[in-house]
Structures are given as structure tokens and as C-alpha cells.
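Just below is one structure, and these are the notes that go with it.
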Amino acid sequence: LVFHPDAGRAEGCDLQPVTAEPPITLSYATSTVPRGCVSSSSVGIDRELHVLSVKWSKVSAFPLNVFITPRAGSCTKPAVLVLLCARCLATITSSCPDLLVHTDAHHSLGTTVTLGPKPPMATSEGQLLAWARVTYGGITSYSELRDPRWVQLRLGEDASSPPDCVPQEHFDASLHLETEVFFHGMKGCSRRDTQSTRDNPSTRVAHIIRLQPEPSSVVTEVNLSLSCPERAASNQSNQLLILQSRANLTWSLSVNNCHIQFMASGNYRIAPVSSMVLTGEVLPDTERGLIAKAFEKNYSIVASYSVIPTSTRVSLEIQEHEAVRRVPTTPNPPAPTAYSLPSMLLLTLQPWKCTDDTLEIIIARSHLEPIKDVVNITLRDISCQAEKNATHFMLKTPLSHCGTSLESRGHANNELILNLAKGTVLQSVRVAFQCEIPRELFLRLFPTAAFEAPQTELEINKETFVQASMRWEDHPADLQLKECWLVAPGAGAGAGAAAAGWRGAGRRGGHAGGAPQQPREEDLALPLHLHHPRGRARPLLCHPQVQGWFAEQHHL
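Right under this line is the structure:
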């Protein structure tokens, strides 16, 4: 009897806007602006004119970088930039000479930029555009921006544009503009029985990023830049990143100082580690389903849930708990060190798998090519060493061996240790991991009360013993035996055929599984003994003529 998690696991976790210091800084690239327009009205005059009006959801602690480049590879004629950004620090650089800038921002200008008078204080969009038309005779482009991190404006005119610049909602400015904007609409929630991260720093938290489904989108690959604070490496193993998108999209991850777990839809690759594309997972496409997935993996707090448009570039910085946010930078991530690369690769591959009683490790040697000189791989108990053949490292061990701990509900914890040959020195890299134990109800049959050797074939009218065990991922369960039987059907079955049945096995009064049909009078019955794994065998005679068995609680 196998239990399949569903969105019901998310009950009690209602997403609310994050009002405190956000746990992440999230931004994405786009060319769609809230309002904008283009026109050919500047084609006949000596300068092209571009207007940027910046608005903020909250006071920004980040400088705004504005880059001016030519659209066709060469600068055709002088240009004017009007930048309204009264509450920001703007750095403006241009690869074209003779750029004249009117701005009310605190500014830093490049050597090819000339500062003109401040634009008038306009009370509306219409007043701003009217002033621009009167002053320069025409407007090449107008874009309203909200919460930009940087803006790239491409100079150039198009004679086929409309004669007048009339702003439109959700305007596609891809011909002349690209920007990266901050996302401030994240939400969060936690299970009711979860301590806060302030009270319990080891609490496991999840971050969920969902890309809005856009059937007309031509984006096939998302470049995600992920960075983590240097001082929080010890807490990163308690964090999970879930990346949900349509199935035919590839996530290209560039990772800086991060050792967190993650799950991704579609395909993915770790850019600094390998160009190999790996297959992701089938993730739920609903809010409740994604929250349930985080809880299923034993992450009890959804620290951030963000829904953003599908974009070619996404930047994510995970902040320290209770830390003052630092201004993020956007340099290229440094190459992974010899120590961090194995950790990143193993956390990407996640080569561990748990059954109800075993832990298995299988790693293709081809996946370890970026890591040179792997001598051997062990678990926390170094006597448990993976076998190596021409293609794989493999290890299989009982959950009770090799230093595996079962402290977390429904999960097993251990460490993978990679021993690397660095010259004459043997270097060890340890990667802690957690393996999910399937949530199932297990019934095993034994011929004696010693419960030593399970078997599947039993003799009719001979005493047999049943061992029941249950694995739960959330809370310890009370298992109740309502009825039981083990019968050999009287018609059409061989002497060794038997069917085990169990009705009403429930948790806190809930139904958790079905049962075969009630035995008929002509069926042959076997006496059963129910064995609790931590206690002694409890004899229960199961017979089709006897019904209404007493309920007895067994704490598994």
C-alpha cells in the first residue's frame, strides 16, 4: 500500500506577502515595460530623443546602471536622454559620443556624456512628453520602468514607427531596450507546528520560483545566476530551491558559493561544472502543489514564493537569516574551487536513493569527469566504500549501517566522502545529504515468532506471523488494527496461495488504505500473530466467522 502525496499536504500554509527583510533578492531581465511607445517624429531633426521614467515600489538601496549603445553597430547622430529618477543614484555610460543627458537623479557620468539642465518637474506622463516634444521637436522612444537594476538603451530610429509616441500598456520595447528589474511580490508561509528560524536556525526552508506559463514565449533557456553569502555555508544544507517552468525549458545555473539542494522542471545544467544537460523532475504546476512538494521533502517553511515572467536571465541572491541585506553585485561568478566543485556536482546529481530499509548510491563515472583523481567514495563510516567498475561507483547498505541516522521524520541522513589524489596528498571532500524514505505501509510474513526470515509461501492451516511497519514523512503515527485476515480462496487456488488483508489502518482516525474482499465461509483461514517491531508478538486469531476485532494502538 503506497501513499501518494498531494496538495492536501499544503493545508495550514497560506501564502502571505513578505513584509520583513526579504530572504532573497530576485531580479529578471525583460524588454516589456509597464508603459511605453516609439515614433518616427525625430527622424527629420538633428537629434534622437529617448525618455526613461523610473518608478519604485520602495526606496532602492541599489545604484541604477544605464548603458547607452548603438542599435546597428555605429553611432549615426547625436542623442538626448531624459532620465527621471528623483530617488536614485544613476551611473550613465555611453559608447557613443555627444550624448546629452537631462536628469534629476544623483548621477555619475561617463566621459562621453554631457550633462544638461534638469528636466522640469512634471506632474504627469503627458506633461513630461509635451515638454520633450516642444524642446526637441520629436520623441524617438518613451519607457516607464519600475524597480530597474540596470537598463540597456540601444540608440537608433525607425522610419516605419508611428508618427506620434502614444504610450501603451505592457509595451514591447525589445527593439531598443532591455532591463533587469527587481521582483518585490514574493510571499511566504510555514506549517503551523514549525519554529521560526530565529528560534531554531536549523529549520529547513524552501525557496520557490515559478515562471509564468506563456504559450507564445520563444525562450528555451533560462540563465540563472545563484549566489549565497559567504558566512552562511553551514546553513545552506537546510535550504531547498525549487525551479518550476514548462517542461521544454532548460535551466542553465551559474552558482557562486552555494551548496543548497534544488529541484528543477525540464532540463538543467551547472554551467561552471559541466556543459552536460541533465533531466529535471516533473513538478506540480500549481501553488498548492509546489508548497506540498516542499513539505514532502521535509522543508517546513516556504521562505519565499515568487512568480515571475519567463525570462532569459534571472538573478537570485539568498540572504543570511536575520542579516542586514548587502548591496549585491553582478560580476561574473568566480570559477568553483577544487573543494566546492565536487560539492556542487554531487548536490546536482543527488545520486542517493532510499528504500524502506536500504540506502543506495549510484554515480556514473562520466559524471565525475570535471573532478580529477577520484580515488574512492565512502559514506560517513569510511569502512562502507563504494564498489568501482568501468562505468559506475555503486554502494548499497542497510539504513541501520554506515553511520546513517534517522533523526529526521521520514528521512535518512549521511555523508558522501570523496577522496581525491592531490599530488602526494589525499584530500577528502565531505558532502552531507538527506535521503527521503518512501512513505509506505509494509506487511511481512514470517513462519515463526522470531521474525527472522520473511517468506511469501505459507502452508494452509499452519500458524504464521505478520510484521507491520509504516514509514511517515510528517508526524509519528498511531496505527490501529481494525480487522485482519490471511485466507486461501477455496476455489481456483493452489495449496500455497494466500492473500493478506488489512482493513481500517488509520492515522488519527483517518482511513489510509483499502483491503481485499471479506473471506467467504468456504475459504481456509490461518491464525495470525501481529508483531509490533519494537515489542512482542501479539496473537490474533483471524477467521472469517469472527468479526469486529478490537482496536489496539501501536506506536511505530
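Going by the UniProt record's numbering, the sequence shown opens with residue 1, and the numbers climb by one from there. We treat Cβ as the ideally placed atom computed from N, Cα and C, and that holds for glycine. Owing to the predicted nature of the structure, the values given are computational and were not obtained by experimental measurement.
Check: Contact the region 253 to 262 vs the region 216 to 227: 3+ CB pairs below 8 Å; Outcome: yes
Check: Selected residue, minimal CA-CA separation from glutamine 212, among Ser245, Thr203, Gly188, Gly185; Outcome: Ser245
Check: Separation of lysine 77 from residue 563, as counted between CA atoms; Outcome: Missing from the structure shown is residue 563; the chain here goes from 1 to 556 and no further.
Check: Sequence ranges, alpha helix (DSSP H) only - wholly within the UniProt domain "TGFBR3/Endoglin-like N-terminal" (207 to 321), length at least 4; Outcome: 287 to 296
Check: Three CB pairs or more closer than 8 Å across the region 167 to 176 and the region 140 to 157; Outcome: yes
Check: Histidine 170, buried or exposed, once every other Cβ within 10 Å from all chains shown has been counted against 16; Outcome: exposed
Check: Same chain, Cβ closer than 8 Å to valine 59, five either side skipped, listed in chain order; Outcome: Arg87
Check: Cβ-based neighbour list, glutamate 214, same chain, cut-off 8 Å, excluding 5 preceding and 5 following; Outcome: Pro309, Thr310
Check: Where glutamine 239 falls, given that 16 or more other Cβ within 10 Å makes a residue buried; Outcome: buried
Check: Extent of the continuous beta strand (DSSP E) run through leucine 175; Outcome: Counting along the chain, leucine 175 falls outside any beta strand (DSSP E), and DSSP gives it neither H nor E.
Check: Contact belief for proline 163 with glycine 36 at Cβ below 8 Å, rounded distance in angstroms; Outcome: The Cβ separation is near 16 Å, so there is no contact.
Check: Proximal residues to valine 374 (C-beta, below 7 Å), its chain only, five neighbours per side dropped; Outcome: Leu368, Leu418, Leu420
Check: Local Cβ density within 10 Å of proline 539, reported as buried at 16 or more and exposed below that; Outcome: Residue placement at proline 539 is flagged as unreliable, the pLDDT there being 46, under the threshold of 50; the coordinate-derived value follows with that caveat. Exposed, by the Cβ-count rule.
Check: Threonine 329 to glutamine 127 span [Cα, whole Å]; Outcome: Unreliable placement is indicated for threonine 329, whose pLDDT of 35 sits below 50; no coordinate value is reported for it.
Check: Secondary structure, beta strand (DSSP E): runs of 3+ residues fully inside the UniProt domain "ZP-N" (354 to 436); Outcome: 358 to 364, 374 to 378, 392 to 398, 411 to 422, 425 to 436
Check: N-terminal and C-terminal residue of the alpha helix (DSSP H) that leucine 128 is part of; Outcome: 125 to 136
Check: Straight-line gap, valine 219 to arginine 313 (C-alpha atoms, nearest Å); Outcome: 10 Å
Check: Beta-carbon proximity list for serine 57, same chain, < 6 Å, skipping 5 on both sides; Outcome: Asp147, His184
Check: Beta-ladder partner(s) of lysine 187, from DSSP; Outcome: Pro17, Tyr305
Check: Whole-angstrom C-beta distance between proline 119 and valine 82, which should lie under 8 Å; Outcome: 5 Å
Check: Run of the beta strand (DSSP E) containing cysteine 85, from where it starts to where it stops; Outcome: First-last for cysteine 85: undefined, no H or E at that position.
Check: DSSP three-state assignment for serine 343, whether helix, strand or coil; Outcome: helix
Check: Residue range of the beta strand (DSSP E) that includes glycine 36; Outcome: 32 to 38
Check: Reduced DSSP secondary structure (H/G/I, E/B, other) of threonine 348; Outcome: helix
Check: Close-in-space but distant-in-sequence residues of the same chain around lysine 293 (CB under 7 Å, 5 per side omitted); Outcome: Ile242, Leu283, Pro284
Check: Close-in-space but distant-in-sequence residues of the same chain around glutamate 281 (CB under 6 Å, 5 per side omitted); Outcome: Met263
Check: Reduced DSSP secondary structure (H/G/I, E/B, other) of valine 59; Outcome: coil
Check: Beta-carbon proximity list for proline 342, same chain, < 6 Å, skipping 5 on both sides; Outcome: Ile371, Leu418, Val429
Check: Buried/exposed call for isoleucine 45, threshold 16 Cβ in 10 Å; Outcome: exposed
Check: Buried versus exposed, by CB contacts within 10 Å (16 or more), glutamate 21; Outcome: exposed
Check: Extent of the continuous beta strand (DSSP E) to which serine 161 belongs; Outcome: Here serine 161 belongs to no beta strand (DSSP E), and DSSP marks it neither H nor E.
Check: Residue nearest to proline 438 in terms of C-alpha spacing, selected from Asn389, Gln467, Glu296; Outcome: Glu296
Check: CB contact check: leucine 175 to chain C, cutoff 8 Å; Outcome: The chain inventory of the structure shown lacks chain C, comprising one protein chain alone.
Check: Spatial neighbours of glutamate 48 in its chain, beta-carbon cut-off 6 Å, leaving aside the 5 residues before and after; Outcome: Ser42, Ala79, Thr140, Glu157
Check: Beta-carbon spacing of isoleucine 208, valine 302 below 8 Å; Outcome: yes
Check: Own chain partners of phenylalanine 446 with C-beta closer than 8 Å, once the 5 adjacent residues on each side are dropped; Outcome: Glu452, Ala453, Pro454, Gln455, Thr464, Phe465, Val466, Gln467, His531
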